[in-house]
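Student:
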Amino acid sequence: DQQVKQNSPSLSVQEGRISILNCDYTNSMFDYFLWYKKYPAEGPTFLISISSIKDKNEDGRFTVFLNKSAKHLSLHIVPSQPGDSAVYFCAAARFTNAGNNRKLIWGLGTSLAVNP
Amino acid sequence: DAGVIQSPRHEVTEMGQEVTLRCKPISGHNSLFWYRQTMMRGLELLIYFNNNVPIDDSGMPEDRFSAKMPNASFSTLKIQPSEPRDSAVYFCASSFTRMATEAFFGQGTRLTVV
């Protein structure tokens, strides 16, 4: 049972255009959301995050939007660049019973291709 | 800083053999995580340590899996005996805090059990 879903396995956009990657979650207890980027043969790298008390967080070309009522978040990349081509993972965190640590639940990823 | 270092990068072994994956976290980080990535299930947290102590091992799939962290700079994940369904990419990650967020990942070990 996937608690974090990325329904689009792949996305292709033109350089300079906007890339929108979507993520849905089912657990209303999630209180922190993250996006990671992964290049082939490398581990995921942290990109941007958002707390459930906010609905938007921006960092340069990357903006994450959170819609709690719809249990949906999205990552916008503007403008998209060929170097953004990677797999993007959405992850959600909730407090666990084990010492209040946050355990990440991951989506399966969306492969983004930015074409020159 | 060299980042999180995992070894080996690739491992091919026969079913029934013991496999040991190794991880050196970033110096100064006090939390360490072992993840497994498969096509079907994505990234799954197997176990994480805080200050070398296992905090949550609920993701460890079976007793065949074990993990240790004898000191702050080294951890191992052992599978004994290995099975073909254990084939996956195993990632180690570390972070400054107990929160499993914004962790830094190693490059992973691709394990193939034949």
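These protein sequence lines are chains A and B, in that order.
With the numbering used here, letter number 40 in the first sequence gets 40, and the count goes up by one each step, no holes.
With the numbering used here, letter number 99 in the second sequence gets 215, and the count goes up by one each step, no holes.
For glycine and all other residues, C-beta sits at the position ideal for the given N, C-alpha and C.
1) Check the Cβ of residue 150 (chain A) against every Cβ in chain B and list those closer than 9 Å, keeping chain order.
2) Under 8 Å, with one C-beta from each stretch per pair, do the region 179–187 of chain B and the region 147–164 of chain B reach the 3-pair mark?
3) When we look at the beta-carbon of residue 231 (chain B) and count the other beta-carbons within 10 Å, is it buried (16 or more) or exposed?
4) Can you confirm whether residue 75 (chain A), when its beta carbon is compared against all beta carbons of chain B, has any partner nearer than 7 Å?
5) What would DSSP say about residue 201 (chain B), mapped onto helix, strand or coil?
6) Ends of the beta strand (DSSP E) at residue 185 (chain B)?
7) Can you tell me which of the three DSSP states residue 158 (chain B) falls into?
8) Output needed for residue 13 (chain A): all residues of its chain with C-beta closer than 6 Å, excluding positions within five of it in sequence on either side, in chain order.
9) Can you name, in chain order, every residue of its own chain whose Cβ lies under 8 Å from the Cβ of residue 15 (chain A), other than the five neighbours on each side?
10) Taking contact to mean at least 3 C-beta pairs separated by less than 8 Å, is the region 202–212 of chain B in contact with the region 27–35 of chain A?
11) Let me know the secondary structure DSSP gives residue 84 (chain A) once reduced to three states.
12) Assign residue 111 (chain A) to one of three DSSP states: helix, strand, or coil.
13) Can you pull the chain B neighbours of residue 89 (chain A), defined as C-beta to C-beta under 8 Å?
14) Using a Cβ-Cβ cut-off of 7 Å, state whether residue 207 (chain B) counts as contacting chain A.
15) Rounded to a whole number of angstroms, what is the C-alpha to C-alpha distance between residue 6 (chain A) and residue 108 (chain A)?
16) Please identify the residue among A:45, A:67, A:42 whose C-alpha is closest to the C-alpha of residue 51 (chain A).
17) Between the alpha carbons of residue 134 (chain B) and residue 59 (chain A), how many angstroms are there, rounded?
18) What number of angstroms, rounded off, separates the C-alpha of residue 221 (chain B) from the C-alpha of residue 38 (chain A)?
19) I want to verify the contact list: residues of chain B whose CB lies under 9 Å from the CB of residue 60 (chain A), in sequence order.
Tutor: So, from the data block:
1) Nothing in the structure corresponds to residue 150 (chain A), since chain A is present only between 1 and 116.
2) yes
3) This structure cannot speak to residue 231 (chain B), because chain B is shown only from 117 to 230.
4) no
5) helix
6) 181–187
7) strand
8) 19, 80, 114
9) 79, 80, 81, 82, 114, 115, 116
10) no
11) helix
12) strand
13) 158, 159
14) yes
15) 6 Å
16) A:67
17) 45 Å
18) 10 Å
19) Per Cβ cutoff of 9 Å: no residues; residue 60 (chain A) is ~17 Å from chain B at best.
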